[in-house]
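The numbering used here numbers the first residue of the sequence shown as 41 and each following residue consecutively.
Think of the CB as a built atom: it goes at the ideal place given N, C-alpha and C, for glycine as much as any other residue.
Treat the numbers as computed from the prediction; the structure is a model and nothing was measured.
What follows is a short report on a single structure.
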Amino acid sequence: MIAGVSTSFTPPGPEDFNLPPIIPGVDWFTKPVLVATLSVVVIIWFFYGASRRAAIVPSKLQFAGELGYNFVRNSIARDAIGSQEYMKFVPFLCGLFFFILLNNVAATIPFIQFPTFSHIGWAYAAAALSWIVYNGVGIRKHGLVGYFKLQTMPAGVPVWLMPLMIPIEFISNILVRPVSLSLRLFANMFAGHILLLVFVLGGEYMLFETGNIGLAGVGVITYLIAIPIAGLELFVQVIQAYIFVVLTAQYIGSAIADEH
41 MIAGVSTSFT
51 PPGPEDFNLP
61 PIIPGVDWFT
71 KPVLVATLSV
81 VVIIWFFYGA
91 SRRAAIVPSK
101 LQFAGELGYN
111 FVRNSIARDA
121 IGSQEYMKFV
131 PFLCGLFFFI
141 LLNNVAATIP
151 FIQFPTFSHI
161 GWAYAAAALS
171 WIVYNGVGIR
181 KHGLVGYFKL
191 QTMPAGVPVW
201 LMPLMIPIEF
211 ISNILVRPVS
221 LSLRLFANMF
231 AGHILLLVFV
241 LGGEYMLFET
251 GNIGLAGVGV
261 ITYLIAIPIA
271 GLELFVQVIQ
281 AYIFVVLTAQ
291 YIGSAIADEH
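So, in structure tokens, the structure goes:
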């Protein structure tokens, strides 16, 4: 308690992520839904525009599209999957990467400023999609029994250790992967955004609401600190999109490999 200073400031918390519907009465149409929808529209427009009039001498849009596509194809799909089959997964990985990327960086776009994947349901949905894809391609190639044998019975392990290894490998490769994928993405988006909210809202409160010159100065400093924090959050947003898709590609490569 500081004499003469209002103490009505409520720090941001999880409740600040429960946004009201954009259209009254349409409870499902919230900002995350709008951001996700806009990101799909932007991705379709971007790649359609980049490929619609492809030329030997590319336009700026075509160059940007090829740069993004080649990054996912060469630095993620080819390196992580590694077989001649990697090209069939490039469209999925490319779409997944840019969808997560745009929904992450939405947190730093003015008037939006909200990361979709700070809602755990969106992270679960993305991880579930990846889980279905890499398990599906593994079962399609090896059959159900053969796939689970590859995933739960590591090569070179003595037979007497198999009763211990099979449940461990099953939990690790089949059950834990989608959970770790979703929680890593969600936790980073949630923590980064709430940290930024603490500095921005706290700085605003000290600067404009307290009526205390000393705290107003602290509020200015807090605002300035929020700038590098926003830059760090942007870096984390990009890295988390990359990590999610790299791990998905590695799981695909593991699923279609003949031996682990």
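**Item:** Cα-Cα separation between Ile269 and Leu236, rounded to whole angstroms
**Value:** As a position in the sequence shown, residue 269 is number 229, starting the count at 1. As a position in the sequence shown, residue 236 is number 196, starting the count at 1. In this structure, the alpha-carbon of Ile269 lies about 7 Å from that of Leu236.
**Beta-carbon gap between Ile179 and Val75 smaller than 8 Å** = Residue 179 sits at position 139 when you count from the first residue of the sequence shown. Residue 75 sits at position 35 when you count from the first residue of the sequence shown. Not a contact, by the Cβ cut-off of 8 Å.
**Prompt:** Who are the Cβ neighbours of Tyr109 in its own chain at under 7 Å, not counting the five residues just before and after it?
**Reply:** The residue given as residue 109 occupies position 69 in the sequence shown. Cβ within range, chain order: Cys134.
**Prompt:** How about Val173 and Phe137: do their beta carbons lie closer than 8 Å?
**Reply:** Reading the sequence shown from its first residue, position 133 is the one you call residue 173. Reading the sequence shown from its first residue, position 97 is the one you call residue 137. For the pair Val173 and Phe137, the CB atoms are not nearer than the 8 Å cut-off.
**Item:** Nonlocal neighbours in the same chain, by C-beta distance under 6 Å from Ile63, ignoring five residues either side
**Value:** Translated into positions along the sequence shown, residue 63 becomes position 23. By the criterion of a C-beta distance shorter than 6 Å, Ile63 is surrounded in its chain by Phe69, once the five residues flanking it on both sides are discounted.
**Request:** For Arg93, count neighbouring Cβ atoms within 10 angstroms of its own Cβ and tell me buried if that reaches 16, exposed if not.
**Result:** Counting from one through the sequence shown, the residue named residue 93 turns up at place 53. With fewer than 16 other Cβ atoms within 10 Å, it is exposed.
**Message:** Which of the three DSSP states is assigned to Ile42 in this structure?
**Reply:** Translated into the one-based positions of the sequence shown, residue 42 becomes position 2. A caution first: Ile42 carries a pLDDT of 46, below 50, which makes its placement in the model too unreliable to give a value.
**Message:** Using a Cβ-Cβ cutoff of less than 7 Å, which residues in the same chain neighbour Val130 once the five nearest sequence positions on both sides are dropped?
**Reply:** Taking the first residue of the sequence shown as position 1, residue 130 is located at position 90. If we look at Val130 and ignore the five residues flanking it on each side, its Cβ neighbours are Val112, Arg113, Ala117.
**Item:** Inter-stretch contact (C-beta, 8 Å, three-pair minimum) for the stretch 200 to 208 and the stretch 119 to 129
**Value:** As far as the Cβ criterion goes, the stretch 200 to 208 does not touch the stretch 119 to 129, which means the pair count is below three.
**Request:** Out of Val185, Phe239, Gly105, Ile265, state which residue places its alpha-carbon closest to the alpha-carbon of Phe210.
**Result:** Here residue 210 corresponds to residue number 170 of the sequence shown, with the count starting at 1. That would be Val185, whose Cα lies nearest to the Cα of Phe210.
**Prompt:** Is any beta-carbon of chain B found at less than 8 Å from that of Leu133?
**Reply:** Although the question refers to chain B, the structure presented lacks it and comprises just one protein chain.
**Request:** Write down every uninterrupted run of the alpha helix (DSSP H) in the stretch 51 to 93 whose length is 4 residues or greater and which is fully enclosed by it, in chain order.
**Result:** Qualifying alpha helix (DSSP H) stretches, in chain order: 71 to 92.
**Request:** Report all residues from its chain with a CB closer than 8 Å to the CB of Thr288; omit the five preceding and five following residues, and keep chain order.
**Result:** Here residue 288 is taken as the residue at index 248 of the sequence shown, counted from 1. Closer than 8 Å at Cβ, skipping near neighbours: Leu133, Leu136, Ser170, Val173, Tyr174, Leu221.
**Whole-angstrom distance between Phe57 and Phe248, CA atom to CA atom** = Along the sequence shown, read from residue 1 onward, the residue named residue 248 stands at position 208. Along the sequence shown, read from residue 1 onward, the residue named residue 57 stands at position 17. For Phe248 and Phe57, the distance between alpha carbons rounds to 24 Å.
**Request:** List the whole-angstrom C-beta distance separating Pro218 from Ala168, where the pair is believed to meet the contact cut-off of C-beta under 8 Å.
**Result:** Here residue 218 refers to the residue found at position 178 of the sequence shown. Here residue 168 refers to the residue found at position 128 of the sequence shown. Between Ala168 and Pro218 the Cβ distance is about 6 Å, and since that is below 8 Å, they are a contact.
**Where Gln153 falls: helix, strand or coil (DSSP)** = The residue given as residue 153 occupies position 113 in the sequence shown. It is coil, neither helix nor strand.
**Request:** Whole angstroms is fine: what's the gap from Ile96's alpha carbon to Leu141's?
**Result:** Mapped onto the sequence shown, residue 96 falls at position 56. Mapped onto the sequence shown, residue 141 falls at position 101. Rounded to the nearest angstrom, the two C-alpha atoms are 28 Å apart.
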